[in-house]
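If you're matching positions, the sequence shown starts at 149 in the working numbering and goes up one per residue. We treat Cβ as the ideally placed atom computed from N, Cα and C, and that holds for glycine. Values in this document were obtained by computation on a predicted structure and should not be read as measured data.
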Amino acid sequence: MTEHIIEEAPNKPGRKAMSPLLKFALELGPLLVFFFANARADDLVSAFPALQQLGGPLFVATGLFMAATVIALTVSWAMTRSLPIMPLVSGFFVVVFGALTLWLQDETFIKMKPTIVNLLFAAVLLGGLCFGKSLLGYVFDQAFRLDDEGWRKLTLRWGLFFIFLAILNEGVWRGANYWYGIDAHSPKELKETADFVWTNFKVWGTMPITVAFMLTQLPLIKRHSIEPIGLKKE
Numbered sequence: 149m150t151e152h153i154i155e156e157a158p159n160k161p162g163r164k165a166m167s168p169l170l171k172f173a174l175e176l177g178p179l180l181v182f183f184f185a186n187a188r189a190d191d192l193v194s195a196f197p198a199l200q201q202l203g204g205p206l207f208v209a210t211g212l213f214m215a216a217t218v219i220a221l222t223v224s225w226a227m228t229r230s231l232p233i234m235p236l237v238s239g240f241f242v243v244v245f246g247a248l249t250l251w252l253q254d255e256t257f258i259k260m261k262p263t264i265v266n267l268l269f270a271a272v273l274l275g276g277l278c279f280g281k282s283l284l285g286y287v288f289d290q291a292f293r294l295d296d297e298g299w300r301k302l303t304l305r306w307g308l309f310f311i312f313l314a315i316l317n318e319g320v321w322r323g324a325n326y327w328y329g330i331d332a333h334s335p336k337e338l339k340e341t342a343d344f345v346w347t348n349f350k351v352w353g354t355m356p357i358t359v360a361f362m363l364t365q366l367p368l369i370k371r372h373s374i375e376p377i378g379l380k381k382e
């Protein structure tokens with residue numbers, strides 16, 4: 149049987165599924181690596197002096213973020229012989245913007261990556277709806293199954309939510325730079341403080357907001373859920 153590099157359509161017969169918890173761990177893992185590396189960059193550099201060549205804490209975190217993203221995609225491929233669409237797209241931008249960040253020693257690129265990725269996801273989801281395709285099913289079909297109307301509504305809501313996240317990301321990193329008066333002549337310590345504010349938001353702000361949004365979608369999911377095969381209605 150021919151293997152598909154990109155994950156197959158939602159609910160397609162014979163599609164090899166991955167545990168939702170494992171899938172979530174592979175997608176969240178690189179982000180936690182990014183936060184930990186930024187917070188403990190000095191300890192990591194002491195243990196692995198080669199990391200000092202990357203630059204300050206945010207640059208060390210960026211390098212490890214890139215490595216963790218590639219590892220997560222590799223594990224996903226090894227287990228399912230396919231690559232999940234959303235993490236693949238995000239991973240591409242992590243590598244590209246991460247490389248620019250390290251090469252030019254300019255943290256702007258890695259800070260703008262979430263903005264661009266979120267806008268891209270919004271464009272893909274909302275654009276897909278224009279052509280009658282509810283692409284969100286590729287992401288969540290292993291966690292639950294919905295009818296066509298449910299996938300359309302959920303895809304629309306997520307598309308708008310990604311636009312919100314893009315605007316929020318820009319507001320936080322630019323706002324932190326403005327608050328601390330960051331410019332080309334700012335001392336290194338002040339830049340690292342602004343970087344730390346944004347990094348904390350990226351992990352401890354974005355994730356809770358996303359989880360809260362997901363919880364608000366539970367009524368819609370319940371209304372449009374398709375009964376799993378083999379289960380009887382009570």
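Range of the contiguous alpha helix (DSSP H) that encloses residue i
i, result
"Pro232", "Segment: none, Pro232 is in no alpha helix (DSSP H) and carries neither H nor E."
"Glu337", "336-348"
"Trp352", "Run containing Trp352: none; DSSP gives neither H nor E here."
"Pro197", "From DSSP, Pro197 is part of no alpha helix (DSSP H); its letter is neither H nor E."
"Phe279", "Looking at the DSSP string, Phe279 is not in any alpha helix (DSSP H), and its letter there is neither H nor E."
Three-state class that DSSP yields for residue i in the structure shown
i, result
"Ile374", "coil"
"Leu363", "helix"
"Asp190", "helix"
"Ile330", "coil"
"Phe309", "helix"
"Glu318", "helix"
Distance, residue j Cα to residue i Cα
i, j, result
"Val265", "Pro197", "32 Å"
"Lys336", "Ala342", "10 Å"
"Met234", "Cys278", "19 Å"
"Leu304", "Leu199", "42 Å"
"Leu236", "Gly285", "16 Å"
"Ala187", "Lys339", "14 Å"
Per DSSP, cross-strand counterpart(s) of residue i
i, result
"Leu294", "Ser373"
Residue i: CB within 6 Å of a non-hydrogen atom of the ligand FAD
i, result
"Ser373", "No copy of the ligand FAD occurs in the structure displayed, which carries no ligand at all."
Worksheet item: Do the stretch 305-324 and the stretch 254-269 touch if we need at least three Cβ pairs shorter than 8 Å?
Response: Contact holds between the stretch 305-324 and the stretch 254-269, because three or more Cβ pairs, one in each stretch, are under 8 Å apart.
Practice prompt. Flag this pair as touching only if the stretch 293-304 and the stretch 244-253 have three or more C-beta atom pairs under 8 Å; answer yes or no.
Written response: Short answer: they don't touch.
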